[in-house]
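*Asks:* What follows is a single structure, and I will ask about it in a moment.
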Amino acid sequence: MSLFPYTRLALASGKALIVSGHHYHVLNAQDGELAQSTTRLGDDLQTALVQSGPIRCTAVDSTLTHVATTADDKKLKIWRVETLELLNERELPKKPTEVAFTRDGQTIVISDKFGDVFSYPLYPEHTPEVPASDIGASKRGSLNAHENPSNGTLVLGHASLLTTFLLTPDERYIVTADRDEHIRVSWYPQGYNIERYCLGHETYVSALHIPSFKESALVSGGGDPMLKVWDWMSGRLLANISIFNVAEPYIRVRAPKRKRGWSEGDEDGETGEGAQPQKGKGKGRRGRGKGKGKVNQNADAGGKEREASGTPAEERGDQPMADADTGEPADESNRPAASASEETVLAFVVYKIQSVDRGEHGRFIVFSVVGASALFYTPFPEEGVLDPPPVHVVEFPVPVVDFTVGPDGAIWTLLDAEWAGAQSLSEKPQFVRLLTWNENTLSESSADSPLLDALNSRCLVSATPEELKKLDLYSDLSSLPKNVDPDHDALIRDTLSEAAAFDPDAADGKKLTLRELGRLKKKKALLAKIQEREEGAKRASREGSEAVGEREVKRARSESESGTGVDEKAGDVHGGDGNEFTEGRDDVRDVEMAA
Amino acid sequence: MPKRKRSDNDPAVPKQVQNDVLPQKRHYRQRAHANPFSDHALSYPPSPDQFDWDAHYPAFAGSGKTPEFADVGCGFGGLLIALAPLFPNTLMLGQSSFALSIPYHASRMEIRVQVSQYVHDRIVALRSTSAPPQPSADDTPGPYQNVSIVRANSMKFMPNYFPKHSLSALFFLFPDPHFKARKHKARIISPTLLAEYAYILKPGGIVYTITDVRDLHDWMRTHLEQFPLFEPVTEQELRDEGKGPIVDAVYNSTEEGKKVERNQGEKWLACFRRIEAKRD
Numbered sequence: 001m002s003l004f005p006y007t008r009l010a011l012a013s014g015k016a017l018i019v020s021g022h023h024y025h026v027l028n029a030q031d032g033e034l035a036q037s038t039t040r041l042g043d044d045l046q047t048a049l050v051q052s053g054p055i056r057c058t059a060v061d062s063t064l065t066h067v068a069t070t071a072d073d074k075k076l077k078i079w080r081v082e083t084l085e086l087l088n089e090r091e092l093p094k095k096p097t098e099v100a101f102t103r104d105g106q107t108i109v110i111s112d113k114f115g116d117v118f119s120y121p122l123y124p125e126h127t128p129e130v131p132a133s134d135i136g137a138s139k140r141g142s143l144n145a146h147e148n149p150s151n152g153t154l155v156l157g158h159a160s161l162l163t164t165f166l167l168t169p170d171e172r173y174i175v176t177a178d179r180d181e182h183i184r185v186s187w188y189p190q191g192y193n194i195e196r197y198c199l200g201h202e203t204y205v206s207a208l209h210i211p212s213f214k215e216s217a218l219v220s221g222g223g224d225p226m227l228k229v230w231d232w233m234s235g236r237l238l239a240n241i242s243i244f245n246v247a248e249p250y251i252r253v254r255a256p257k258r259k260r261g262w263s264e265g266d267e268d269g270e271t272g273e274g275a276q277p278q279k280g281k282g283k284g285r286r287g288r289g290k291g292k293g294k295v296n297q298n299a300d301a302g303g304k305e306r307e308a309s310g311t312p313a314e315e316r317g318d319q320p321m322a323d324a325d326t327g328e329p330a331d332e333s334n335r336p337a338a339s340a341s342e343e344t345v346l347a348f349v350v351y352k353i354q355s356v357d358r359g360e361h362g363r364f365i366v367f368s369v370v371g372a373s374a375l376f377y378t379p380f381p382e383e384g385v386l387d388p389p390p391v392h393v394v395e396f397p398v399p400v401v402d403f404t405v406g407p408d409g410a411i412w413t414l415l416d417a418e419w420a421g422a423q424s425l426s427e428k429p430q431f432v433r434l435l436t437w438n439e440n441t442l443s444e445s446s447a448d449s450p451l452l453d454a455l456n457s458r459c460l461v462s463a464t465p466e467e468l469k470k471l472d473l474y475s476d477l478s479s480l481p482k483n484v485d486p487d488h489d490a491l492i493r494d495t496l497s498e499a500a501a502f503d504p505d506a507a508d509g510k511k512l513t514l515r516e517l518g519r520l521k522k523k524k525a526l527l528a529k530i531q532e533r534e535e536g537a538k539r540a541s542r543e544g545s546e547a548v549g550e551r552e553v554k555r556a557r558s559e560s561e562s563g564t565g566v567d568e569k570a571g572d573v574h575g576g577d578g579n580e581f582t583e584g585r586d587d588v589r590d591v592e593m594a595a
Numbered sequence: 001m002p003k004r005k006r007s008d009n010d011p012a013v014p015k016q017v018q019n020d021v022l023p024q025k026r027h028y029r030q031r032a033h034a035n036p037f038s039d040h041a042l043s044y045p046p047s048p049d050q051f052d053w054d055a056h057y058p059a060f061a062g063s064g065k066t067p068e069f070a071d072v073g074c075g076f077g078g079l080l081i082a083l084a085p086l087f088p089n090t091l092m093l094g095q096s097s098f099a100l101s102i103p104y105h106a107s108r109m110e111i112r113v114q115v116s117q118y119v120h121d122r123i124v125a126l127r128s129t130s131a132p133p134q135p136s137a138d139d140t141p142g143p144y145q146n147v148s149i150v151r152a153n154s155m156k157f158m159p160n161y162f163p164k165h166s167l168s169a170l171f172f173l174f175p176d177p178h179f180k181a182r183k184h185k186a187r188i189i190s191p192t193l194l195a196e197y198a199y200i201l202k203p204g205g206i207v208y209t210i211t212d213v214r215d216l217h218d219w220m221r222t223h224l225e226q227f228p229l230f231e232p233v234t235e236q237e238l239r240d241e242g243k244g245p246i247v248d249a250v251y252n253s254t255e256e257g258k259k260v261e262r263n264q265g266e267k268w269l270a271c272f273r274r275i276e277a278k279r280d
């Protein structure tokens with residue numbers, strides 16, 4: 001029988017809270033005794049929990065008095081830990097990406113997929129008066145750009161998916177990070193006032209941390225090959241810590257290669273474009289999401305790439321994002337024919353950054369990477385130390401899901417013991433491993449720990465294969481990398497999809513003007529040139545001759561460019577189309593992009 | 001509707017030059033909207049100090065100056081071209097999702113020539129045709145050296161271009177109304193985006209908005225009024241402060257503005273001043 005891997009562990013006030021699938025348990029941290037568990041709740045509540053989907057975000061206050069959970073249903077649930085009472089349930093406007101309590105435990109702050117941060121009081125009755133949102137509302141509806149079903153307070157918003165955030169130790173600032181490389185430092189609670197940006201990342205930022213031993217510093221990581229250390233108040237970069245070369249060999253999970261499709265327009269992000277679950281995966285598949293079962297046998301398709309051309313760009317509508325990753329049964333019928341080799345790409349995503357102060361033995365940054373079967377630690381860069389800091393590794397047999405630094409600096413590591421690639425191991429790995437420090441080295445603890453034993457034996461919750469699939473622990477590998485390929489500019493894509501979609505022999509035989517026909521012909525020629533160029537590039541890279549490929553690509557490109565020039569002239573010969581140029585907007589407003 | 005050669009009316013350039021050098025709009029075809037939320041292969045700098053300002057303003061190279069005026073959605077560049085001679089030492093930048101960025105990346109394949117390549121070419125032409133025959137006695141750079149254009153997604157990447165508190169004027173002229181309710185989130189003025197505009201504006205800097213769509217005017221005005229870091233400023237106050245020429249340019253210098261006049265539409269102006277932030 002399969003079991004849910006643990007996805008979150010919180011330690012505070014002598015208690016341990018562990019999340020397992022749809023459920024969580026509360027244990028005594030000293031003796032491992034089970035104090036509470038949602039698996040012991042009444043049937044109705046349990047059904048509701050299962051219906052909500054696996055718990056995705058968890059936050060606890062500093063005394064583990066209350067816990068906030070969100071699942072797949074955009075509901076914020078607040079529980080009283082002692083009695084496991086569900087205090088309240090509120091609907092959130094968008095899918096949350098991070099949840100945190102303020103220090104006093106009275107407010108819950110939530111970042112979401114849309115890019116906003118909302119705060120909610122612990123008790124809904126304490127919600128501040130909402131100003132009338134219908135001031136001067138026109139016939140066309142309210143003046144609100146933001147939905148807000150539970151009267152949360154809008155703290156701030158990015159125009160991009162928010163991956164993570166944190167409040168500074170004095171809670172006067174909030175640091176938010178997004179998929180478009182931004183780290184923003186704003187006042188809290190006056191999030192409308194931006195203090196500073198920490199700019200320099202070149203890919204998505206997915207992890208933030210302020211070390212307790214240096215509160216003016218911010219450590220960040222994401223898809224870049226290094227962690228960055230900032231003075232967050234001034235935005236000044238203090239140090240780069242190179243981590244990719246050390247971490248990459250341990251990445252065991254890869255994202256499926258995105259198929260570049262011509263069929264979708266760009267109107268509201270790419271709904272369903274590239275939503276192609278594994279090919280050739282039958283019902284017998286174990287494990288979640290991507291080609292994990294084949295990870296070890298996979299020949300790298302097209303060589304290693306740093307960034308996954310993953311599933312759709314951020315979807316800002318109401319649909320849940322990255323449908324591909326949940327492998328809906330409905331998609332099975334759309335699967336292309338199974339191919340022999342699984343096409344996957346490497347995606348590098350820093351999951352979590354923490355720090356440990358070992359006093360005279362040094363101060364360390366500890367971090368994990370999505371899908372990597374190791375935990376990494378490196379000395380915190382000190383001023384005046386110029387040598388690149390070493391990055392140490394503690395390896396595990398399976399990918400690390402999450403880790404928690406205990407009050408004593410010990411590190412509780414949650415492992416994906418159900419990982420499909422673990423089938424080859426002689427025995428099932430443990431779900432939790434405890435690491436302790438010996439001077440400045442981190443290694444597996446040999447000491448007894450009743451809590452550890454309890455977590456590894458008594459608290460595990462069983463899971464069906466479908467439930468495990470839905471858990472999809474590695475979705476970030478597909479959802480964070482941006483779907484941008486300079487050769488596939490969305491603007492170009494639209495033109496060409498028009499061309500591709502047009503069928504001159506279509507049954508309805510719509511009459512086109514000579515002008516339109518001419519234009520479409522040029523577009524088709526361009527489309528053909530692009531495809532030919534792609535083929536050339538693909539062929540070249542397969543032959544392993546990069547230089548040739550590049551030359552071919554350049555040649556094809558310049559040919560197309562001159563082709564464009566010809567097109568231009570042709571356009572003129574046709575006398576232009578009498579376009580009235582408008583500045584700032586089309587005459588046809590709200591024109592949907594060509595599908 | 002008969003087509004007219006608009007280049008005939010460009011006031012900045014002598015008649016005989018226009019036909020030879022100035023770009024003609026009929027050669028530049030318009031294209032559809034770009035969705036600001038999707039990922040386009042637009043190149044943008046990781047941070048303002050990594051942007052090559054000298055390439056845009058070669059006459060100011062080495063000065064360390066960054067733009068003080070920004071026109072968001074600059075279309076044909078009418079506003080900046082009108083303002084450039086009035087503030088010759090102030091750098092101005094137009095942003096458009098349709099612009100070509102400079103320097104032109106020769107490796108990128110361009111299908112269609114966008115509206116704002118027209119603007120780019122126009123600026124280049126103006127710079128060369130308007131230069132005085134003798135270098136001037138003082139060090140004033142030649143005309144139109146202070147205006148340039150970038151292709152950028154203003155909703156996402158303003159802070160990548162503009163340092164904190166660097167702008168004294170930010171322009172939103174005849175923005176896309178995005179009439180449908182579900183498109184409201186794509187409007188260029190929103191409670192969350194205003195924070196970014198406040199960040200790049202100096203305290204005391206001015207946001208100028210104008211539109212002929214009453215709904216949109218109400219929307220922009222209301223959101224700006226509700227935003228703690230902006231306070232309304234009347235047209236008269238602006239004129240009293242000496243900003244009359246700017247206000248006039250906002251009303252009259254853009255293609256869109258002229259079109260509204262031809263159609264006898266109304267223009268609604270709403271301007272706001274960026275104020276200091278306070279911790280309550």
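Protein chains in written order, with full-length UniProt numbering: chain A, 1 to 595; chain B, 1 to 280. Cβ atoms here follow ideal geometry from the backbone N, Cα and C, with glycine treated the same way. Please read these numbers as outputs of a predicted model, since none were measured by experiment.
Determine the chain B residues that contact I241/A at a beta-carbon separation under 9 angstroms, and present them in chain order.
*Replies:* Mapped onto the first sequence, residue 241/A falls at position 241. Under the 9 angstroms cutoff, chain B gives no residues; its nearest Cβ is about 18 angstroms from I241/A.
*Asks:* Starting from H392/A and walking both ways along the beta strand (DSSP E), at which residues does that stretch end?
*Replies:* Position 392 of the first sequence holds residue 392/A. Element bounds for H392/A: H392 to E395.
*Asks:* Helix or strand or just coil, what does DSSP make of H66/A?
*Replies:* Indexing the first sequence from 1 puts residue 66/A at position 66. DSSP places H66/A in strand when its eight states are reduced to three.
*Asks:* By the three-class DSSP mapping on this structure, what secondary structure does Y144/B have?
*Replies:* For the purposes of this step, residue 144/B is taken as residue 144 along the second sequence, with counting starting at 1. If DSSP states are grouped into helix, strand and coil, Y144/B belongs with coil.
*Asks:* Is R458/A close to chain B? Criterion is C-beta to C-beta, closer than 8 angstroms.
*Replies:* One-based indexing of the first sequence puts residue 458/A at position 458. It does not; no Cβ of chain B falls within 8 angstroms.
*Asks:* Alpha carbons only, please: which of L45/A, F348/A and P379/A is nearest the one belonging to L245/A?
*Replies:* As a first step, residue 245/A must be located in the first sequence, where it is residue number 245. One detail in the question is off: residue 245/A reads as Asn in this sequence, not Leu. For N245/A, the nearest C-alpha among the options comes from F348/A.
*Asks:* Let me see if you follow: with CB-CB separation under 8 angstroms, is R279/B close to chain A or not?
*Replies:* Within the second sequence, residue 279/B is the residue found at index 279, counting from 1. It does; some Cβ of chain A falls within 8 angstroms.
*Asks:* If the criterion is Cβ atoms closer than 8 angstroms, does the pair D416/A and L473/A meet it?
*Replies:* Numbered from 1 along the first sequence, position 416 holds the residue referred to as residue 416/A. Numbered from 1 along the first sequence, position 473 holds the residue referred to as residue 473/A. Closer than 8 angstroms, so yes.
*Asks:* For E202/A, which residues in chain B fall below 8 angstroms Cβ to Cβ?
*Replies:* Residue numbering aside, residue 202/A sits at position 202 when the first sequence is read from its first letter. The answer, in chain order, is P46.
*Asks:* With a Cβ-Cβ cutoff of 8 angstroms, do L122/A and I110/A count as a contact?
*Replies:* Position 122 of the first sequence, counting from 1, holds the residue named residue 122/A. Position 110 of the first sequence, counting from 1, holds the residue named residue 110/A. Cβ atoms of L122/A and I110/A: not closer than 8 angstroms.
*Asks:* Taking the C-alpha atoms as reference points, what is the distance between D387/A and S475/A?
*Replies:* To locate residue 387/A, count along the first sequence from 1; it is residue 387. To locate residue 475/A, count along the first sequence from 1; it is residue 475. Straight-line Cα distance between these residues: approximately 35 angstroms.
*Asks:* Just how far apart, CA to CA, sit I78/A and G78/B?
*Replies:* Along the first sequence, read from residue 1 onward, the residue named residue 78/A stands at position 78. Along the second sequence, read from residue 1 onward, the residue named residue 78/B stands at position 78. So the alpha carbons of these two residues sit roughly 55 angstroms apart.
*Asks:* Anything in chain B within Cβ reach of Y197/A, meaning under 7 angstroms, just list it in chain order.
*Replies:* Along the first sequence, one-based indexing puts residue 197/A at 197. Near Y197/A (Cβ distances below 7 angstroms), the residues of chain B are P159.
*Asks:* From which residue to which residue does the alpha helix (DSSP H) around V247/B run?
*Replies:* Stepping through the second sequence from its first residue, residue 247/B is reached at position 247. That run of the alpha helix (DSSP H) goes G244 to N252.
*Asks:* Between N440/A and the rest of its own chain, which residues show a CB-CB distance below 7 angstroms, the 5 nearest in sequence each way excluded?
*Replies:* Mapped onto the first sequence, residue 440/A falls at position 440. Contacts found: R358, H361 and G362.
*Asks:* Would you say E147/A and P93/A are within 8 angstroms of each other, going by their C-beta atoms?
*Replies:* Position 147 of the first sequence, counting from 1, holds the residue named residue 147/A. Position 93 of the first sequence, counting from 1, holds the residue named residue 93/A. Result yes, Cβ atoms of E147/A and P93/A sit closer than 8 angstroms.
*Asks:* Specify, as a first and last residue, the run of the beta strand (DSSP E) that S186/A falls within.
*Replies:* Taking the first sequence and counting its residues from 1, one reaches residue 186/A at position 186. Its beta strand (DSSP E) spans residues I183 to W187.
*Asks:* Checking contacts by CB at 8 angstroms: is N88/A closer than that to chain B?
*Replies:* Your numbering for residue 88/A matches position 88 in the first sequence. No, because no Cβ of chain B sits closer than 8 angstroms to the Cβ of N88/A.
*Asks:* Using the Cβ count rule (16 or more neighbours within 10 Å means buried), how would you classify H158/A?
*Replies:* Locating residue 158/A in the first sequence gives position 158, counting from the first residue. Burial call: buried.
*Asks:* Measuring alpha carbon to alpha carbon, tell me which residue in L166/A, Y351/A and P397/A is nearest P189/A.
*Replies:* Counting from one through the first sequence, the residue named residue 189/A turns up at place 189. When only C-alpha atoms are compared, the closest one is L166/A.
*Asks:* Does the beta carbon of S160/A sit closer than 8 angstroms to a beta carbon anywhere in chain B?
*Replies:* On the first sequence, residue 160/A is found 160 positions in, with the first residue counted as 1. Yes - at least one Cβ of chain B is within 8 angstroms of the one on S160/A.
*Asks:* Answer with yes or no whether the minimum CB distance from P88/B to chain A is below 8 angstroms.
*Replies:* Indexing the second sequence from 1 puts residue 88/B at position 88. Cβ-Cβ to chain A under 8 angstroms: no for P88/B.
*Asks:* On the three-state DSSP scale, how would you describe D476/A?
*Replies:* Taking the first sequence and counting its residues from 1, one reaches residue 476/A at position 476. Helix.
*Asks:* For L154/A, which residues in chain B fall below 9 angstroms Cβ to Cβ?
*Replies:* Here the question's residue 154/A lines up with position 154 in the first sequence. Result: P191 and T192.
*Asks:* From which residue to which residue does the alpha helix (DSSP H) around K470/A run?
*Replies:* Stepping through the first sequence from its first residue, residue 470/A is reached at position 470. Residues P465 to L471.
*Asks:* Helix, strand or coil for E255/B, going by three-state DSSP, please let me know.
*Replies:* Translated into positions along the second sequence, residue 255/B becomes position 255. Of the three classes helix, strand and coil, the one that applies to E255/B here is helix, per DSSP.
*Asks:* DSSP on S206/A, reduced to helix/strand/coil?
*Replies:* The residue given as residue 206/A occupies position 206 in the first sequence. Strand.
*Asks:* Can the beta-carbon of residue 596/A be found closer than 8 angstroms to that of R56/A?
*Replies:* Any answer about residue 596/A is impossible in this case: the structure gives chain A only from 1 up to 595.
*Asks:* Looking at V117/A: is its Cβ nearer than 8 angstroms to the Cβ of L162/A?
*Replies:* Here the question's residue 117/A lines up with position 117 in the first sequence. Here the question's residue 162/A lines up with position 162 in the first sequence. Yes, these two residues count as a Cβ contact at 8 angstroms.
*Asks:* I'd like to confirm the pairing. Which residues does DSSP put opposite E235/B in its beta bridges?
*Replies:* Counting from 1 along the second sequence, the entry for residue 235/B is found at position 235. BP columns for E235/B are empty, so no partner.
*Asks:* Which class does K95/A belong to by DSSP, given the choice of helix, strand or coil?
*Replies:* On the first sequence, position 95 is the one that residue 95/A refers to. In this structure, K95/A counts as coil in the three-state DSSP scheme.
*Asks:* Note down, in chain order, each residue of its chain lying with its Cβ closer than 7 angstroms to the Cβ of H184/B, except the 5 sequence neighbours on either side.
*Replies:* Within the second sequence, the letter at position 184 stands for residue 184/B. H178.
*Asks:* Suppose you measure from the CA of L229/B to the CA of G94/B; what does that come to, to the nearest Å?
*Replies:* Locating residue 229/B in the second sequence gives position 229, where the first residue counts as 1. Locating residue 94/B in the second sequence gives position 94, where the first residue counts as 1. Near 24 angstroms, if we compare the C-alpha coordinates of G94/B and L229/B.
*Asks:* Of all the options T63/A, D112/A and H126/A, which has the alpha carbon lying nearest to the alpha carbon of N88/A?
*Replies:* Residue 88/A sits at position 88 when you count from the first residue of the first sequence. Closest option to N88/A, Cα to Cα, is H126/A.
*Asks:* What does a CB cutoff of less than 8 angstroms around P429/A pick up in its chain, not counting 5 residues either side in sequence?
*Replies:* As a working note, residue 429/A is residue 429 in the first sequence. Cβ neighbours of P429/A beyond the five flanking positions: F396, P397, V398, L415, A417 and A422.
*Asks:* Along chain B, which residues have their Cβ under 8 angstroms away from the Cβ of E181/A?
*Replies:* The residue you call residue 181/A lines up with position 181 of the first sequence. Near E181/A (Cβ distances below 8 angstroms), the residues of chain B are P46.
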